[in-house]
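I have placed the structure first, in the form of structure tokens, so that the comments after it can refer back to it.
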Amino acid sequence: MKPKSLTRPWSRPREIRTKMEDRKVSDERYHSRRWTKESAAFKASHPLCAECERKGRISPAEVTDHIIPVGFHDFWDQSNWQALCRKCNIIKGNRDKREYFMGRGV
0 MKPKSLTRPW SRPREIRTKM EDRKVSDERY HSRRWTKESA AFKASHPLCA
50 ECERKGRISP AEVTDHIIPV GFHDFWDQSN WQALCRKCNI IKGNRDKREY
100 FMGRGV
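For the sequence shown, numbering that gives the first Met the number 0 begins at 0 and goes up steadily by one.
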């Protein structure tokens with residue numbers, strides 16, 4: 000008789016591990032020549048942080064961000080991109096991770 004598999008509350012479910020492994024592939028795209036060129040062109044045409052603009056502030060954009068995280072949307076779809084300052088990008092990234100791990104999706 001095969002022993003029942005044990006689920007440890009601190010271990011991540013298989014589907015989360017798989018998506019995190021997929022993230023390694025997307026991380027490689029961030030270092031590609033294509034991403035460097037397309038991201039620079041996008042920031043040149045969107046020079047201000049989109050989130051700061053929504054809040055009535057003016058800050059230079061430093062990062063090209065995926066509105067819907069990469070694991071849930073096409074990496075190269077520019078309609079899913081926004082230019083953000085570093086501060087807004089960090090805040091958004093932390094919020095996305097928190098929502099993902101709490102099971103709400105993003």
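Backbone N, C-alpha and C fix where the C-beta goes; we use that ideal spot for every residue, glycine too.
Neighbourhood of residue i by C-beta, 8 Å cutoff - its chain only, sequence neighbours within 5 removed
i     : result
LEU47 : ILE57, SER58, PRO59, ALA60, ALA82
ASP73 : ASN79
Residues bridged to residue i [DSSP beta-bridge criterion]
i     : result
ASP64 : GLN81
PRO59 : LEU47
Residues near residue i in its chain [Cβ-Cβ closer than 7 Å; skip 5 each side]
i     : result
CYS87 : CYS48, GLU50, CYS51
ALA40 : none
Pair within 9 Å by beta-carbon distance, residue i and residue j
i     : j     : result
GLU27 : GLN77 : no
THR63 : LYS42 : yes
Three-state class that DSSP yields for residue i in the structure shown
i     : result
LYS54 : coil
TRP75 : coil
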